[in-house]
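If you read the sequence shown in this note's numbering, its first letter stands for residue 1, the second for the next number, and so on.
Virtual Cβ for every residue (Gly too), placed ideally from N, Cα, C.
Here the structure comes first, spelled out in structure tokens, and everything after it is commentary.
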Amino acid sequence: MNTVADNLIALLTVFGIFVVVAFPSLLGIAHERRIDRQIRTAHRIMASSPRR
């Protein structure tokens with residue numbers, strides 16, 4: 001039974017390290033997608049407004 005607990009702890013440790021390493025990257029991707037959405041919206045507004 002001790003082996004099962006050790007394996008579970010090792011698995012959770014690896015998963016935790018993976019989350020810590022991947023989180024900043026996923027956060028950056030979400031940030032870039034939001035900026036891209038804002039740029040597309042601004043471009044649409046600029047294209048639809050009459051030029052002076």
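To the nearest angstrom, how far is it from the Cα of residue 35 to the Cα of residue 23? 18 angstroms
According to DSSP, is residue 24 part of a helix, a strand, or is it coil? Residue 24 carries a helical assignment under DSSP once its states are collapsed to helix, strand and coil.
Would you kindly work out how many angstroms separate the C-alpha atoms of residue 11 and residue 32, rounded to a whole number? 31 angstroms
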